[in-house]
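All remarks here apply to the structure that follows.
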Amino acid sequence: MQGESKSVRDRYDSDICIHQVIQVYPNVNRRQLHSFIENNTNKNPHIIVDRALSAIRSGSINLEAPSLGKSSVKRKYSANEEHNGVNEALKRAKVDSATRVRPRRRGPDYVELAVSRLHEDFYYVEERLIRGVFKSCGSCYALTHLFLLAKQREVLKRLHLTAVPSVPNLVKSDKGKSRAMEDAEFDCERKWLLEFLTNQEKGHARVVAEGETLQDQIEVIGDGERMIDCGCCFTEYPSVSLRISPRDSRTNLYPE
C-alpha cells in the first residue's frame, strides 16, 4: 500500500514538472521531456524543473521545429527571437510567486529592475541595504518587498505613525540616459505582488495553508543588525533571511 501511494505521488510530481516546463517551452519534444523527468522522479520537483530547463537550453532535450505547412522554406530563429518567445510564454502562463515549483526565466534586467522598484517603494532605505536584503531573500523581488513592508509596518507602529512621510524626488531618475529595461519574469512577479497586496487590504488575502496568509507563514531569522561580508563581492548586507513555516512543505517557497 505504501509503494502504491509513493507511485501516485511521483506521478503527481511528474505531471506538475511537465506542465511547468511546457509553459516555458511549448514546442519541447514531449517524449524526451517525459523520459528525462521519469528518470529524476526521486528528486525535488523544483530541482527537476530547473534541470529540465537547463537540459533544453543545452540541447540535451530537443525543441520541435514549428510547422511550416506546405512551404518547404526553413526559417532560422535568432537568439533574440527565442528570448522574446520565452518572455511571451511567461506572460501567458499563470505565475504563482508563492510556490517554488515554477520555472524561472530571469533576463539580464531582472535584478536592476527589482532593486530600482524596491528603492522607489522604500526610498528612505539606502540602496546598498536594499541590495543586501534582496540577496538575503534569495534575490526574489516579491519576497524582498514583503519583508521590507513588514519592517516598515513595525517601525510605523512603534512611532505611532500611519504612513511614511512623503519626500519627493529622493530617488534619482535615469530617464533618457540608457535603454529601457524590461523583464517578463519581473512583470509577472510585480503583477502577482500588487494583486496579493490589494486582496490583503480587502481582507481576502490568498490562503496558502491552514487559513494563514503568506506573510503569516514567513519567519524572520536574525535581527538584521549584524552585518556580514558577501564572499564574492565583499559587500556588507544584513544578517537576515526568511523561510516559510514547515507546516506546509509544499509551499516551501524561499530558501532559508
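FYI, the numbering for the sequence shown is 67 to 322, going by this note's numbering.
Note that CB positions come from ideal geometry on N, CA and C, so glycine has one too.
One or two residues paired with residue i in a DSSP bridge
{"i": "LEU129", "result": "VAL94"}
Simplified DSSP state of residue i, which is helix, strand or coil
{"i": "ASP81", "result": "helix"}
{"i": "ALA121", "result": "helix"}
{"i": "SER205", "result": "coil"}
{"i": "VAL191", "result": "coil"}
{"i": "VAL74", "result": "Only weak support is given to the placement of VAL74: the predicted model assigns it a pLDDT of 49, under 50, and the value that follows is read from those uncertain coordinates. Helix, per DSSP."}
{"i": "ASP116", "result": "helix"}
{"i": "ARG219", "result": "helix"}
{"i": "ARG8", "result": "Lying outside 67 to 322, the shown extent of the chain, residue 8 is not represented and no answer is given."}
{"i": "HIS211", "result": "helix"}
{"i": "ASN105", "result": "coil"}
{"i": "VAL226", "result": "According to the sequence shown, residue 226 is His rather than Val. Here HIS226 sits in coil by DSSP."}
{"i": "GLU248", "result": "coil"}
{"i": "ASN110", "result": "coil"}
Nearest-angstrom Cα separation, counted from residue j out to residue i
{"i": "CYS324", "j": "HIS112", "result": "There is simply no residue 324 to check, as the chain begins at 67 and stops at 322 in what is shown."}
{"i": "ARG328", "j": "GLU248", "result": "As displayed, the chain neither begins before 67 nor continues past 322, which places residue 328 out of reach and without an answer."}
{"i": "TYR207", "j": "ILE122", "result": "26 Å"}
{"i": "VAL329", "j": "ALA250", "result": "No answer is possible for residue 329: it lies beyond the span of the chain, which begins at 67 and ends at 322."}
{"i": "PRO174", "j": "THR228", "result": "37 Å"}
{"i": "VAL199", "j": "ASN110", "result": "26 Å"}
{"i": "LEU184", "j": "SER120", "result": "29 Å"}
{"i": "ASN128", "j": "LEU179", "result": "32 Å"}
{"i": "ALA246", "j": "TYR189", "result": "21 Å"}
{"i": "LEU330", "j": "VAL181", "result": "There is no way to answer for residue 330, as the model of the chain reaches only from 67 to 322."}
{"i": "VAL87", "j": "TRP258", "result": "20 Å"}
{"i": "CYS83", "j": "PHE252", "result": "22 Å"}
{"i": "GLU186", "j": "PHE262", "result": "19 Å"}
{"i": "LEU212", "j": "ARG197", "result": "15 Å"}
{"i": "VAL115", "j": "GLY204", "result": "18 Å"}
{"i": "ASP81", "j": "LEU225", "result": "50 Å"}
{"i": "TYR176", "j": "ALA216", "result": "23 Å"}
{"i": "GLU130", "j": "THR107", "result": "24 Å"}
{"i": "VAL94", "j": "ARG117", "result": "14 Å"}
{"i": "ARG97", "j": "ASN105", "result": "12 Å"}
{"i": "SER57", "j": "SER124", "result": "Outside the modelled stretch of the chain, which goes from 67 to 322, sits residue 57, for which no answer is possible."}
{"i": "THR210", "j": "HIS85", "result": "27 Å"}
{"i": "GLU192", "j": "ARG256", "result": "21 Å"}
{"i": "LYS201", "j": "LEU260", "result": "21 Å"}
8 Å Cβ cutoff, residue i in contact with chain B
{"i": "ALA246", "result": "The question asks about chain B, but that chain is absent: this structure has only one protein chain."}
- How about the segment 256–268 and the segment 216–226: do they share at least three Cβ pairs that are nearer than 8 Å? Fewer than three beta-carbon pairs drawn from the segment 256–268 and the segment 216–226 are found closer than 8 Å, and the two stretches are therefore not classed as touching.
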